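First the structure, in the form of structure tokens, and then the observations on it.
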Amino acid sequence: MADADRFPEVTETPKKRQKLGRKKERARDECLSKHQMGPPCNCKRLRCFEVTSEEERQHLIARFNALPSKNEQDSMLSSLLTVEKVKQRRPRTNENAATLHDHSYTYHVKVTRESKAIANPVCFNAFTSVFGITKARIERIRKSLATTGFSPTDMRGKHTNRPHAFTADQVQKILDHIRSFRGGRSHYSLHDTRRLYLSEDLNIQKMHDMFLDLHPNLKCSLESYRKVFTEQFNIGFGYPRKDTCSTCDSMTIKLQAPNLSPEQTAPLLQEKELHLRKAQVFYDRKKQDGQTKATHAALVFDFSKNLSSPNITTSDVYMECDRDMAIVNQKAKVETPSGWMEEFRKLDNHHRLTTWSTPTKECFLA
1 MADADRFPEV
11 TETPKKRQKL
21 GRKKERARDE
31 CLSKHQMGPP
41 CNCKRLRCFE
51 VTSEEERQHL
61 IARFNALPSK
71 NEQDSMLSSL
81 LTVEKVKQRR
91 PRTNENAATL
101 HDHSYTYHVK
111 VTRESKAIAN
121 PVCFNAFTSV
131 FGITKARIER
141 IRKSLATTGF
151 SPTDMRGKHT
161 NRPHAFTADQ
171 VQKILDHIRS
181 FRGGRSHYSL
191 HDTRRLYLSE
201 DLNIQKMHDM
211 FLDLHPNLKC
221 SLESYRKVFT
231 EQFNIGFGYP
241 RKDTCSTCDS
251 MTIKLQAPNL
261 SPEQTAPLLQ
271 EKELHLRKAQ
281 VFYDRKKQDG
291 QTKATHAALV
301 FDFSKNLSSP
311 NITTSDVYME
321 CDRDMAIVNQ
331 KAKVETPSGW
341 MEEFRKLDNH
351 HRLTTWSTPT
361 KECFLA
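As numbered in UniProt numbering, residues 1 to 366 make up the sequence shown, in order.
Spelled out as structure tokens, the structure:
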């Protein structure tokens, strides 16, 4: 962590990129995409499963499962369903006692043949079987089309009678609690980003526990706290450092010194920025050489710590505590004597800014 003197602020763009949804959202998406085709209807009148091929039916259900929401799926089903007034009634019982229908319905499946869309009529059983849906879902769509002329809208979760919903005062307490934590930008970030990082010793669970200790009479679930944290802040958590750059550590300590005047701070900031820019140039060149030059070897460092060592993250101490070191040339598939490590240790162990010639395959095979 660096520049640990900043506090989180509410933002309209809380995340750099969208992450995977919560468990309930993944379950919802899985439910939308798991429809499976049912058995044939054995219809003698329309011969539904004979006028369409297996490939055409599989294409239909694949398109249906690919739709992202239930509303879009219902809209597709509605477009394949036709509502008409009953033309003639033939009740088998007394009309006063019989249950009479006001509408009749016909069903189609649209397939593409020779670059033309063809609507093939099918029976009710074939329609439900092709799309892997239930009778109740079709009846709900039919009722909506007959009464409103539009496909139904999924209203689940859109009601307003929420007796346990958070009030504005409760949300404000969560916001104030998150703002109280001190953070800073990434330790190795060359560019100034808006994302703020809290201490690596924290996580949302610990922050939620602290919030409950501070407000014991306020009911707040971990999920509610997490929602405010992720949707209204652009903050994350650092991670435990190891093998850190001694130059970066030294500059950070100097910048955090108390009573540091602006005249003393400016050259330190310039020196640190220059140091990070050199590191970025090195990594860019290394990446480019690894992709374009066949004479450069790809190295894999496998360090195994098998001795007790002080808990110090800076590279000068951390690297000296490692043993059993070796290098594997990925291109030549040969091991390199561990004595080569002594040459690499002479470099800056983190940024490796010292000028050196990249070893080639011939060097390792010598």
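Here a beta-carbon is modelled for each residue, glycine too, at the ideal position from N, C-alpha and C.
Given the structure is predicted, the values throughout are model-derived calculations rather than measurements.
| Item | Value |
| --- | --- |
| How would you call M155, buried or exposed, if buried means at least 16 neighbouring beta carbons within 10 angstroms? | exposed |
| DSSP state of G290, grouped into three classes? | helix |
| Taking contact to mean 3 or more Cβ pairs, one atom from each stretch, closer than 8 Å, check whether the stretch 48–58 and the stretch 120–130 are in contact. | yes |
| I need the DSSP call for G339, collapsed to helix, strand or coil. | With a pLDDT of 46 at G339, under the threshold of 50, the modelled position of this residue cannot be trusted; read the value that follows with caution. Three-state DSSP puts G339 in coil, outside helix and strand. |
| Cα-Cα, which of D284, Y225, E223, K219 is closest to P163? | K219 |
| Residues in the same chain with beta-carbon distance under 6 Å from F127, minus the five sequence neighbours each way, listed in chain order, please. | Y107 |
| Which residue marks the beginning of the beta strand (DSSP E) containing F237, and which one marks its end? | 235–237 |
| Considering Cα atoms alone, identify which of R26, H59, C43, R28 is closest to Q36. | H59 |
| Using 8 Å for Cβ pairs, my map puts V86 next to V109. What's the rounded Cβ distance? | With 8 Å as the limit, V86 and V109 do not qualify as a contact, their Cβ atoms being about 24 Å apart. |
| Given S33, which residues of its chain have a CB within under 6 Å of its CB, disregarding the five upstream and five downstream residues? | N65 |
| Using 8 Å for Cβ pairs, my map puts Y239 next to E200. What's the rounded Cβ distance? | 5 Å |
| If I measure Cβ to Cβ from F237 and keep anything under 8 Å in the same chain, skipping five residues before and after, which residues do I get? | Y197, L198, S199, E200, L202, N203 |
| Is there contact here, the stretch 75–89 with the stretch 97–105, by at least three beta-carbon pairs under 8 Å? | yes |
| Buried or exposed: which applies to G149, given that a residue is buried once 16 or more other Cβ atoms fall within 10 Å of its Cβ? | exposed |
| Within 8 Å, do at least three Cβ pairs link the stretch 246–257 to the stretch 270–290? | yes |
| For G183, is the classification buried or exposed, using 16 other Cβ atoms within 10 angstroms of its Cβ as the cut-off for buried? | buried |
| Per DSSP, P121 forms a beta bridge with which residues? | H108 |
| Please list, in chain order, all residues of the same chain as S142 whose beta carbon is under 8 Å from its beta carbon, the five residues on each side excluded. | Before going further, note that residue 142 is Arg rather than Ser in the sequence given. Excluding sequence neighbours, R142 sits near L81, V83, H103, Y105. |
| Could you give the DSSP three-state label for K85: helix, strand or coil? | strand |
| Report, in whole angstroms, the separation of the C-beta atoms of L268 and K254, which I expect to be a contact under 8 Å. | 6 Å |
| Below 8 Å on the Cβ atoms is my guess for P8 versus I235; work out the distance and round it to an integer in Å. | 5 Å |
| Per DSSP, which one or two residues make a beta bridge with G38? | Looking at the DSSP assignment, G38 forms no beta bridge with any residue, so it has no partner. |
| What residue does the alpha helix (DSSP H) around L214 start on, and which one ends it? | 204–214 |
| Using CA atoms only, rank isn't needed, just tell me which of L274, A146, T244, G38 is closest to I133. | G38 |
| Relative to the C-alpha of Y140, which candidate in N71, E95, G157, Q170 has its C-alpha closest? | One detail in the question is off: residue 140 reads as Arg in this sequence, not Tyr. The shortest Cα separation from R140 among N71, E95, G157, Q170 belongs to N71. |
| Could you tell me which residues DSSP pairs with K116 in its beta bridges? | R113 |
| From T11, S78, T252, S115, pick the residue whose C-alpha is nearest to that of S151; which is it? | S78 |
| Determine the DSSP secondary structure at L32, reduced to helix, strand or coil. | helix |
| Name the two residues that bound the continuous alpha helix (DSSP H) containing L145. | 135–147 |
| Rounded to whole angstroms, what is the Cα-Cα separation between D74 and C31? | 14 Å |
| State the DSSP-derived secondary structure class of T153, mapped to helix, strand or coil. | coil |
| If I follow the unbroken alpha helix (DSSP H) through R57, where does it start and stop? | 54–66 |
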